[in-house]
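**Student:** In the working numbering, the protein residues as written are 72 to 472.
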Amino acid sequence: MWIGRHMSETLQKAAAQFPVVVLTGARQAGKTSLVRRQFPQADYVTFDIPRDAETARMDFFGFLSRHREPLIIDEVQYVPEILRRLKVVVDRDRRPGRFLLTGSQDFSVMQGVAESLAGRCAVLSLPTLSLAEVAVEATAEETDTFCWRGGFPELWQRPDLDRELWLGSYLATYLERDVRNIVNIGSLRDFDRFLRAAAVRVGQLLSLSELARDVGIAPNTAKSWISILDASRQIFLLEPYYRSPGKRLIKTPKLYFADPGLLTYLLGFPDWTAVIQNAAWGAIWENLVIGEVRKHFLNRGAGPPCWFWRTVQGEEIDLLIERGPNQFLAVECKTSPEIEPRMLKGFASLEKIYGPKALRKAAVVCRTPAPYPLAEKARITALPLGGPEGLRTWLDHGLSG
Numbered sequence: 072m073w074i075g076r077h078m079s080e081t082l083q084k085a086a087a088q089f090p091v092v093v094l095t096g097a098r099q100a101g102k103t104s105l106v107r108r109q110f111p112q113a114d115y116v117t118f119d120i121p122r123d124a125e126t127a128r129m130d131f132f133g134f135l136s137r138h139r140e141p142l143i144i145d146e147v148q149y150v151p152e153i154l155r156r157l158k159v160v161v162d163r164d165r166r167p168g169r170f171l172l173t174g175s176q177d178f179s180v181m182q183g184v185a186e187s188l189a190g191r192c193a194v195l196s197l198p199t200l201s202l203a204e205v206a207v208e209a210t211a212e213e214t215d216t217f218c219w220r221g222g223f224p225e226l227w228q229r230p231d232l233d234r235e236l237w238l239g240s241y242l243a244t245y246l247e248r249d250v251r252n253i254v255n256i257g258s259l260r261d262f263d264r265f266l267r268a269a270a271v272r273v274g275q276l277l278s279l280s281e282l283a284r285d286v287g288i289a290p291n292t293a294k295s296w297i298s299i300l301d302a303s304r305q306i307f308l309l310e311p312y313y314r315s316p317g318k319r320l321i322k323t324p325k326l327y328f329a330d331p332g333l334l335t336y337l338l339g340f341p342d343w344t345a346v347i348q349n350a351a352w353g354a355i356w357e358n359l360v361i362g363e364v365r366k367h368f369l370n371r372g373a374g375p376p377c378w379f380w381r382t383v384q385g386e387e388i389d390l391l392i393e394r395g396p397n398q399f400l401a402v403e404c405k406t407s408p409e410i411e412p413r414m415l416k417g418f419a420s421l422e423k424i425y426g427p428k429a430l431r432k433a434a435v436v437c438r439t440p441a442p443y444p445l446a447e448k449a450r451i452t453a454l455p456l457g458g459p460e461g462l463r464t465w466l467d468h469g470l471s472g
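#1: Would you mind stating whether P311 and I321 have Cβ atoms separated by less than 8 Å?
#2: With a threshold of 6 Å on Cβ separation, who are the neighbours of G469 within its own chain once the five nearest residues in sequence on each side are excluded?
#3: Quick one: is T344 buried, meaning 16 or more other Cβ sit within 10 Å of its Cβ, or exposed?
#4: So, using beta-carbon positions, are G457 and A100 closer together than 8 Å?
#5: Assuming F262 contacts I256 under a Cβ cut-off of 8 Å, what Cβ separation, rounded to an integer in Å, is found between them?
#6: Could you tell me which residues DSSP pairs with S196 in its beta bridges?
#7: With a CB to CB cut of under 6 Å and the five nearest residues on each side skipped, what residues in its chain are close to V150?
#8: Check I74 in the structure and name its three-state DSSP category.
#9: Where does V184 sit, in a helix, a strand or coil, going by DSSP?
#10: Nearest-angstrom Cα distance between A446 and E422?
#11: Kindly indicate which residue of L359, A293, A185, S280 has the alpha-carbon position closest to the one of R63.
#12: Quick one: any contact between the stretch 342-358 and the stretch 190-197, if contact means 3 or more CB pairs under 8 Å?
#13: Look up R371 in the DSSP assignment and say whether it is helix, strand or coil.
#14: If I measure Cβ to Cβ from R365 and keep anything under 6 Å in the same chain, skipping five residues before and after, which residues do I get?
#15: Any idea if P29 is buried or exposed, counting beta-carbon neighbours within 10 angstroms, 16 or more meaning buried?
#16: At the level of alpha carbons, what is the spacing between I410 and V435?
#17: Identify the residues that DSSP records as bridge partners of F262: which are they?
#18: Can you give me the C-alpha to C-alpha distance between V161 and D249, rounded to a whole angstrom?
#19: Considering just the uninterrupted stretch of the beta strand (DSSP E) at L17, what are its terminal residues?
#20: State the CB to CB distance for the pair G168 and A86, rounded to an integer number of angstroms; the pair is presumed to be in contact (CB under 8 Å).
#21: Locate the alpha helix (DSSP H) running through C218, then write down its first and last residues.
#22: Between the Cα of W73 and those of K158, G133, L226, R220, spot the shortest distance and give me the residue it belongs to.
#23: Can you say whether D342 is buried or exposed, counting buried as having 16 or more other CB atoms within 10 angstroms of its CB?
#24: Tell me whether Y149 sits in a helix, a strand or coil according to DSSP, three-state version.
#25: Measuring CB to CB, does A211 end up less than 8 Å from P442?
#26: Do the stretch 284-295 and the stretch 377-384 make contact, defined as three or more Cβ pairs closer than 8 Å?
#27: Could you work out which residue in R165, D164, V159, P198 is closest to T173 when comparing CA atoms only?
#28: Cβ atoms of A419 and C437: under 8 Å apart, would you say?
#29: Give me the Cβ distance between G221 and L369, rounded to the nearest whole Å; I'm assuming they're in contact under 8 Å.
#30: In this structure, how does DSSP classify A429 when only helix, strand and coil are distinguished?
#31: For the beta strand (DSSP E) that contains R381, what are its first and last residues?
#32: To the nearest angstrom, report how far apart E235 and P427 are at their CA atoms.
#33: With H, G and I counted as helix, E and B as strand and the rest as coil, what does DSSP make of G395?
#34: Let me check one thing: in DSSP terms, what residues is Y115 bridge-paired to?
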């Protein structure tokens with residue numbers, strides 16, 4: 072069963088404008104399936120097959136002569152040196168849509184792109200499935216299932232798959248294939264512990280010293296491993312917004328997981344009931360909401376222009392989207408279906424610092440089944456996460472206004 076991807080239109084536009092399109096994303100995010108479905112006429116080769124990888128490494132121009140264009144080259148991170156040679160080919164003929172490259176690791180791929188293909192390629196990052204891609208109406212039950220099961224396409228294309236077994240196998244493959252290929256990890260067991268320690272700190276300010284202490288590694292090693300998780304699209308760091316007229320603000324990023332299902336798996340919850348009864352439920356919900364906003368931008372081909380905002384006094388907003396000088400869309404994440412006035416204090420604090428017109432629109436994404444206004448002229452609204460009247464629609468209106 073094919074699940075339509077919101078990235079499809081963006082991918083087609085990119086291929087119509089650039090000779091090379093590079094599609095990165097986490098392992099099993101659906102990169103190969105998407106490019107093969109969008110470009111069924113294209114020839115296909117994968118460097119996951121050692122023989123093909125070695126052939127391309129030894130004689131790339133001969134390798135190309137045996138394939139027709141457009142050509143999909145899958146898992147390009149295994150032979151990143153071809154990107155320099157691809158530049159020569161593209162410079163001879165800059166027709167759009169010639170090559171479509173996929174890769175699961177940003178380190179080697181993006182280094183090669185920056186050095187060899189700058190200005191010659193479009194770079195897109197495919198996230199795992201969003202809530203809107205798997206549940207149009209996104210009822211409370213569907214939202215809970217999505218948060219628990221996550222967005223890896225195979226788990227939705229094959230509902231019979233056991234979540235625990237699949238995610239456990241995914242994690243083992245990720246450690247053995249991706250992590251080992253990025254850097255020489257002394258102990259995969261330590262890296263696994265590090266990943267689980269990071270999950271415990273989801274939604275918190277990143278503290279490399281605390282992570283290092285918990286796992287028994289050096290802070291510099293923790294910094295390197297965070298970079299690996301980020302480059303392989305397992306986590307993302309939300310940077311703070313700290314441009315402020317005379318106000319002391321937090322300048323440390325917050326840690327989030329790219330897929331909500333992998334997060335709940337790493338936290339070891341036996342079932343969904345255990346999630347919503349746990350003290351971490353608020354952070355898990357925040358991770359889900361902010362992750363959906365991030366996916367919305369990535370599927371459009373844009374780098375998410377998102378930050379969080381927090382003062383040293385503790386005033387905060389979970390998510391800011393800048394729309395102009397001192398102009399913002401703001402989002403708070405709450406697990407309660409009913410919003411109390413005290414939950415809106417961050418919005419008021421933002422306006423005190425940046426001016427009464429700083430808040431163009433604000434939303435509290437909560438467990439409500441339908442939106443309802445929280446302030447005058449619906450400038451601040453309580454929203455469900457999904458559905459036709461949910462966060463995605465609100466974002467579209469806010470970004471177009």
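Backbone N, C-alpha and C define an ideal beta-carbon position, used for all residues, glycine too. Remember, predicted model here, so these are calculated numbers, not experimental data.
**Tutor:** Considering the structure as presented:
#1: yes
#2: L400, K432
#3: exposed
#4: no
#5: 5 Å
#6: T95
#7: F118, A124, A127, R128
#8: coil
#9: helix
#10: 14 Å
#11: With the chain covering only 72 through 472, there is no way to say anything about residue 63.
#12: no
#13: coil
#14: P375
#15: An answer regarding residue 29 cannot be provided, because it is not within the stretch 72 to 472 covered by the chain.
#16: 8 Å
#17: Looking at the DSSP assignment, F262 forms no beta bridge with any residue, so it has no partner.
#18: 29 Å
#19: Nothing can be reported for residue 17: it is not among the residues displayed for the chain, which extend from 72 to 472.
#20: 4 Å
#21: 211-220
#22: L226
#23: exposed
#24: helix
#25: no
#26: no
#27: P198
#28: no
#29: With a Cβ gap of about 16 Å, G221 and L369 do not count as contacting.
#30: coil
#31: 377-381
#32: 49 Å
#33: strand
#34: I143
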